[in-house]
Amino acid sequence: MIRSIVRGTGTALPRRVMKNTDFAGVVETSDEWIVQRTGIRQRHIAEPDETTASLGEEAARKALEAAGLTPADIDLIVLATSTPNNTFPATAVEIQQRLGMTHGFAFDMQAVCSGFVYAVNTADLHIRGGMARRALVIGSETFSRLLDWNDRTTCVLFGDGAGAIVLEAAEGEGTLADRGVLAASLRSDGCHRDKLYVDGGPSTTGTVGHLRMEGREVFKHAVSMISDVIETVFDQAGITADDIDWFVPHQANKRIIDASAKKLGIAPEKVVITVDHHGNTSAASVPLALHTAVADGRIKKGDLVLLEAMGGGFTWGAVLLRW
Numbered sequence: 019m020i021r022s023i024v025r026g027t028g029t030a031l032p033r034r035v036m037k038n039t040d041f042a043g044v045v046e047t048s049d050e051w052i053v054q055r056t057g058i059r060q061r062h063i064a065e066p067d068e069t070t071a072s073l074g075e076e077a078a079r080k081a082l083e084a085a086g087l088t089p090a091d092i093d094l095i096v097l098a099t100s101t102p103n104n105t106f107p108a109t110a111v112e113i114q115q116r117l118g119m120t121h122g123f124a125f126d127m128q129a130v131c132s133g134f135v136y137a138v139n140t141a142d143l144h145i146r147g148g149m150a151r152r153a154l155v156i157g158s159e160t161f162s163r164l165l166d167w168n169d170r171t172t173c174v175l176f177g178d179g180a181g182a183i184v185l186e187a188a189e190g191e192g193t194l195a196d197r198g199v200l201a202a203s204l205r206s207d208g209c210h211r212d213k214l215y216v217d218g219g220p221s222t223t224g225t226v227g228h229l230r231m232e233g234r235e236v237f238k239h240a241v242s243m244i245s246d247v248i249e250t251v252f253d254q255a256g257i258t259a260d261d262i263d264w265f266v267p268h269q270a271n272k273r274i275i276d277a278s279a280k281k282l283g284i285a286p287e288k289v290v291i292t293v294d295h296h297g298n299t300s301a302a303s304v305p306l307a308l309h310t311a312v313a314d315g316r317i318k319k320g321d322l323v324l325l326e327a328m329g330g331g332f333t334w335g336a337v338l339l340r341w
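Positions 19 to 341 (the working numbering) are the ones given, in order, by the sequence shown.
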């Protein structure tokens with residue numbers, strides 16, 4: 019059977035680093051307050067010349083370089099983002115143009131923080147369906163553009179950045195030993211849309227709007243929803259938490275990550291955490307964390323890797339793959 023294997027990873031981060039102490043004079047908060055409640059110590063904030071498209075392009079080029087490929091080798095680009103450069107066309111098409119591609123097809127995926135997990139599954143389906151042989155899957159965000167910098171409960175949480183992977187079709191035996199994407203589970207429930215949303219849009223206010231969140235409500239639902247899709251993936255693959263080599267969760271809040279891993283029985287030493295350096299970068303958080311663990315040598319060929327995310331909507335999902 020056809021499997022979608024990861025050939026390379028890459029990331030891009032804005033030049034400006036904003037530490038917790040830099041919020042002094044912006045909102046009433048402190049480094050201790052932020053670290054205790056979220057685990058975040060710093061985040062990157064995009065300058066005016068740094069956009070979702072430019073960061074996505076940089077991450078894509080690095081992933082291609084790691085894979086030993088060029089844009090000419092790519093058939094499909096799926097960009098996960100909630101902060102597109104324009105309402106339309108899709109920012110994926112702009113990245114396609116920046117890469118010099120006039121072939122293949124590209125589109126955006128909007129599932130907020132779950133976007134990258136949704137995008138990996140979507141690209142995998144296109145590859146296994148024969149519509150593409152190689153795909154760039156990108157998560158790129160400039161969430162700082164959506165923040166209300168007077169709201170200390172949200173502005174300290176988010177950052178900007180991008181991450182990308184190259185997926186390539188390869189023959190597998192149809193067993194758990196195969197490399198590539200092995201199982202996935204995606205969910206959403208619009209009943210929770212008012213718990214995490216942006217209060218603007220072209221069809222409602224005609225403005226971009228600002229991010230609004232009921233933090234306690236999000237936390238209350240997060241662990242059970244995350245556990246739900248991960249246990250479904252475990253059942254699909256016929257494995258348990260003990261079989262996982264690495265858990266790469268959405269980097270929203272260290273307390274949610276720790277609670278989820280504990281509930282699922284995933285050992286702390288198997289959890290990849292980068293929220294302290296990047297904050298919550300929405301759809302970029304999983305590929306940023308994934309690349310970090312690949313680059314420092316933790317994730318190696320043959321390892322069983324679990325990706326997970328939850329975002330506004332609510333949306334949530336998990337993907338299991340062998341490196």
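Cβ coordinates follow ideal geometry from the N, Cα and C atoms, glycine included. This structure is a prediction, so every number in the text was calculated from the model and none was measured.
State the start and end residues of the unbroken beta strand (DSSP E) segment that holds residue i.
i	result
Glu-186	178–189
Glu-68	Where Glu-68 is concerned, there is no enclosing beta strand (DSSP E), given that its DSSP letter is neither H nor E.
Val-24	20–30
Please state the DSSP three-state secondary structure of residue i.
i	result
Pro-267	strand
Val-44	coil
Met-243	helix
Ala-81	helix
Gln-115	helix
Ser-100	coil
Leu-338	strand
Ala-195	coil
For the candidate residues the options, whose alpha-carbon lies nearest to that of residue i?
i	options	result
Pro-305	Leu-165, Ala-182 and Arg-21	Ala-182
Asp-212	Gly-331, Glu-287 and Ile-317	Gly-331
Gly-26	Thr-310, Val-184 and Thr-250	Val-184
His-296	Ala-110, Pro-102 and Val-174	Val-174
Ala-30	Ala-307, Thr-333, Arg-316 and Lys-318	Ala-307
Arg-340	Glu-83, Trp-334, Val-312 and Ala-327	Val-312
Ala-98	Asp-207, Val-45 and Ser-303	Ser-303
Leu-298	Pro-89, His-210, Asp-314 and Gly-329	According to the sequence shown, residue 298 is Asn rather than Leu. Taking only the C-alpha atoms, the option nearest Asn-298 is Gly-329.
Ala-195	Ile-52, His-309 and Val-323	Val-323
Would you decide whether residue i is buried or exposed? Buried here means 16 or more other CB atoms lie within 10 Å of its CB.
i	result
Thr-56	buried
His-121	exposed
Asp-142	buried
Trp-167	exposed
Met-19	exposed
Asn-104	exposed
Can you name, in chain order, every residue of its own chain whose Cβ lies under 7 Å from the Cβ of residue i, other than the five neighbours on each side?
i	result
Gly-283	Ala-259
Ala-78	Gly-28, Ile-113, Leu-117, Leu-154, Ile-156 and Ala-182
Gly-233	Thr-171
Ala-279	Phe-265, Pro-286 and Val-289
The ligand FAD and residue i: does the residue's C-beta get closer than 7 Å to at least one heavy atom of that ligand?
i	result
Leu-282	For the structure depicted, the ligand FAD is absent and the ligand set is empty, with no information on it obtainable.
By Cβ distance, which residues of its chain are closer than 6 Å to residue i, with the 5 residues on each side in sequence left out?
i	result
Val-96	Met-127, Ala-137, Thr-140, Ala-141 and Val-155
Pro-267	Ile-275 and Glu-326
Asp-93	Gly-122, Ala-150, Arg-151 and Arg-152
Please return the same chain residues whose Cβ sits closer than 8 Å to the Cβ of residue i, not counting the five positions on each side in sequence.
i	result
Leu-165	Thr-172, Cys-173, Phe-176, His-228 and Leu-229
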